[in-house]
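Asks: If you scroll down you'll find the structure; I have some questions about it.
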Amino acid sequence: MLLQEKDFESALIQAKALDKRNDENGSRLMALGNLCVSNQEYKTAEDCYTYILQKGKSNQNYISARMQLIHSRDQQITISGNYDPEAIKKLESDYETAITELGKNQITAPLISDYAHLKAFHLGKTEEAIALLEETIAMPGIAPQFSAKCKLELGDILILTGEMWDASLYYSQVDKDFKNDAIGREAKFKNARLSFYMGEFEWAGAQLNVLKAATSQLISNDAMSLGLLIMDNLGLDSITEPLLMYSRADLYEFCNRNDQSMATLDSILTQFPAHSLTDEIWFKQAGIQVKKGNFTEASKLYMDIVETYPDDILADDALYRLADLTENKLQDKEKAKTLYELLLTKFPGSLYAVDARKKFRMLRGDSQFQNNAPILQEKL
268 MLLQEKDFES
278 ALIQAKALDK
288 RNDENGSRLM
298 ALGNLCVSNQ
308 EYKTAEDCYT
318 YILQKGKSNQ
328 NYISARMQLI
338 HSRDQQITIS
348 GNYDPEAIKK
358 LESDYETAIT
368 ELGKNQITAP
378 LISDYAHLKA
388 FHLGKTEEAI
398 ALLEETIAMP
408 GIAPQFSAKC
418 KLELGDILIL
428 TGEMWDASLY
438 YSQVDKDFKN
448 DAIGREAKFK
458 NARLSFYMGE
468 FEWAGAQLNV
478 LKAATSQLIS
488 NDAMSLGLLI
498 MDNLGLDSIT
508 EPLLMYSRAD
518 LYEFCNRNDQ
528 SMATLDSILT
538 QFPAHSLTDE
548 IWFKQAGIQV
558 KKGNFTEASK
568 LYMDIVETYP
578 DDILADDALY
588 RLADLTENKL
598 QDKEKAKTLY
608 ELLLTKFPGS
618 LYAVDARKKF
628 RMLRGDSQFQ
638 NNAPILQEKL
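Sequential numbering of the sequence shown, starting at 268, is according to the working numbering.
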């Protein structure tokens, strides 16, 4: 019941009591901490991991808790978009301390990969990030799938440095080595997106068409969305400049150059008023505003899409994101419930319908919706 109501602090108190009563090893707290991170309840997550760390280095969950603590702090900064320089420097120090303590090995490889991402995308230390990833890939016994993940990260960083050809080589390598796996399809998508960034729209569209049938819903949806954007706007009235500007704005956002992205998107709206890209531009601007913590501005943009383009492909997506934003960031549960209900009424066939129905019923107070409550229950 506590987790159904998202009362994570009370859940923490109860989990600690059960851990002490049953003389457990902290696994209950580990699960709760991970759940808190997924719900962006970072303070409670940190309390969970700290509790485990206080049990000492001999505890079987110590290394996992140590790594997850850093991951939680990373997520708190990067997902919120609050890139305070002091907070970033503190996180860098936390990574250094943890890696020095735990060492560089197969177990800590995910921690090192995350650190490389921080260095490249938020500290501007791309050379150090590349060195970390190359060192990780060369580790003896590193899992091929994780090595491929690091290569994709390397490709992303090379886009930051403007080395597009080298980035494409890494993506192509993973695509070739894991052609029938999800990570291979992700690599193919990244290559197609890179072609889009570079203005190679026809080639990007051809690759995206292949990916529409991907078994991974996320990759399939991303491929379909980008493919439709290209198809709907390529050569419209023989003018490709708006799409070129949009692809440049997309690249700026990828590189965390959000102000430049916003300025470029505004330029499209000014130079090409009422263009077919307008809803896409508003949607991207809303996403950037969310990353910057400007939730009210983002909600207005999402609502503009719903009201101005109710029959376009982004309408249900914008409405769902507006509802989620209203529920979790603006903390207006009643309005969020109304928005979820509106989505179910207007877009019953939406990909978001199942999740929207679940959230609507939860906000309505239906008793059967208990999220992961067994974490806090005694083992029989």
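The beta-carbon is built from N, C-alpha and C at its ideal position, and this holds for glycine as well. Computed from a predicted model, the values in this text were never measured in an experiment.
Run through DSSP, which three-state label would residue 633 get?
Replies: Against the sequence shown, residue 633 aligns to sequence position 366. Residue 633 falls in the coil class under three-state DSSP.
Asks: How far does the alpha helix (DSSP H) with residue 385 in it extend, from its first residue to its last?
Replies: By one-based count along the sequence shown, residue 385 stands at place 118. Here the alpha helix (DSSP H) through residue 385 covers 376-389.
Asks: For residue 535, count the other beta carbons within 10 Å of its own beta carbon; 16 or more makes it buried, fewer makes it exposed. Which is it?
Replies: Start at 1 with the first residue of the sequence shown, and residue 535 comes out as number 268. Burial call: buried.
Asks: Assign residue 380 to one of two classes, buried (16 or more other C-beta atoms within 10 Å of its C-beta) or exposed (fewer than that).
Replies: The count along the sequence shown starts at 1 and reaches residue 380 at position 113. That one is buried.
Asks: To the nearest angstrom, how far is it from the Cα of residue 333 to the Cα of residue 456?
Replies: Taking the first residue of the sequence shown as position 1, residue 333 is located at position 66. Taking the first residue of the sequence shown as position 1, residue 456 is located at position 189. Going from the Cα of residue 333 to the Cα of residue 456 covers about 33 Å.
Asks: Do residue 299 and residue 313 have their C-beta atoms within less than 8 Å of each other?
Replies: Position 32 of the sequence shown, counted from the first residue, corresponds to residue 299. Position 46 of the sequence shown, counted from the first residue, corresponds to residue 313. Not in contact: residue 299 and residue 313 (Cβ atoms no closer than 8 Å).
Asks: Could you work out which residue in 451, 517 and 487 is closest to residue 461 when comparing CA atoms only?
Replies: Here the question's residue 461 lines up with position 194 in the sequence shown. Checked all of 451, 517 and 487; the closest Cα to residue 461 is 517.
Asks: Quick check: residue 609 and residue 592, are their CB atoms within less than 8 Å of each other?
Replies: Locating residue 609 in the sequence shown gives position 342, where the first residue counts as 1. Locating residue 592 in the sequence shown gives position 325, where the first residue counts as 1. The answer is no: Cβ separation not under 8 Å.
Asks: Nearest by alpha-carbon distance to residue 559: which of 474, 322 and 347 is it?
Replies: Numbered from 1 along the sequence shown, position 292 holds the residue referred to as residue 559. Residue 559 has its Cα closest to that of 347, out of 474, 322 and 347.
Asks: Label residue 498 either buried or exposed according to how many other C-beta atoms from any shown protein chain fall within 10 Å of its C-beta, with 16 as the threshold for buried.
Replies: Residue numbering aside, residue 498 sits at position 231 when the sequence shown is read from its first letter. Flag for residue 498 reads exposed.
Asks: Spatial neighbours of residue 330 within its chain, please: CB distance less than 7 Å, with the 5 preceding and 5 following residues excluded, ordered by chain position.
Replies: Looking up residue 330 in the sequence shown gives position 63. Closer than 7 Å at the Cβ level, and outside the excluded window around residue 330, lie 369 and 374.
Asks: Start and end of the alpha helix (DSSP H) containing residue 587?
Replies: Numbered from 1 along the sequence shown, position 320 holds the residue referred to as residue 587. Element bounds for residue 587: 582-595.
Asks: Please report the distance separating the alpha-carbon of residue 355 from that of residue 613.
Replies: The sequence position of residue 355 within the sequence shown is 88, counting from 1. The sequence position of residue 613 within the sequence shown is 346, counting from 1. Residue 355 and residue 613: Cα-Cα distance of roughly 42 Å.
Asks: Buried or exposed: where does residue 631 fall if 16 or more other Cβ atoms within 10 Å of its Cβ makes it buried?
Replies: Sequence index remark: in the sequence shown, residue 631 carries index 364 (1-based). Burial call: exposed.
Asks: Once you ignore the five residues that flank residue 525 on each side, which residues in its own chain have a CB closer than 7 Å to its CB?
Replies: Reading the sequence shown from its first residue, position 258 is the one you call residue 525. Only 555, 558 and 559 meet the Cβ criterion.
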